[in-house]
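So in my numbering, the last spot in the sequence shown is 156, and the numbers never skip. By construction, the Cβ of each residue, glycine as well, lies at the ideal position given by its N, Cα and C atoms. Step one of this worksheet: look at the structure below.
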Amino acid sequence: YPQESAMAVTKLFIGSSSAAKSQAKKFVETLSSHTLKFVPWWGNITPGQVLLDELDSVYEQVDGAVLLFSPESETKIRNDKKQIPNLNVLFEFGYFLGAFERKKIAMIKYGDFFLPSDFGGYQWIHGSRGFRRGGVQKISDRTQAEFGRWLVNF
């Protein structure tokens, strides 16, 4: 039997908005294991620093990325008010999409928000229809199963 120390460990960056940080922490707490470690944004990205430089540093430490999307702000699109996700999380998605293969990036959706139709072809994991800033919901069996299926094909 292989010793635990010899087992491969997958390291994933997890990104979220500050408003969804508690939910992201719950995700990390629920899904971390001896073979899966998370590199969270709150331990690696410093507000006020150059995000691109910090993402370059994170990229060297991880095998892929999980981005938690949630409604962050309101905007008008064609005279219609829409909730949109945090722009830094969108930036992080674009960064990691350019850095990794598409299959190494997953997006977890909490709440209801607008994204361009171009995002339809990417790996979405259902978090929850509801979202409350700073709130925490249990990581559902569905979310865990979808994440597990994504990770198996990683």
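- The three-state reading of DSSP puts residue 74 in strand, counting E and B together.
- Contact between the segment 17–25 and the segment 70–90 is established, with three or more Cβ pairs separated by less than 8 Å.
- In this structure residue 115 is in contact with residue 86, their Cβ atoms being roughly 6 Å apart against a cut-off of 8 Å.
- The Cβ-Cβ distance between residue 53 and residue 90 falls below 8 Å.
- For residue 15, the pairing in a beta bridge is given by DSSP as 41 and 67.
- In the three-state reduction of the DSSP assignment, residue 85 falls in the strand class.
- Nearest to residue 104 by C-alpha distance, out of 96, 139 and 110, is 96.
- Counting along the chain, no beta strand (DSSP E) covers residue 61; the unbroken alpha helix (DSSP H) around it starts and ends at 53–61.
- When beta bridges are read from the DSSP output, residue 108 appears opposite 68.
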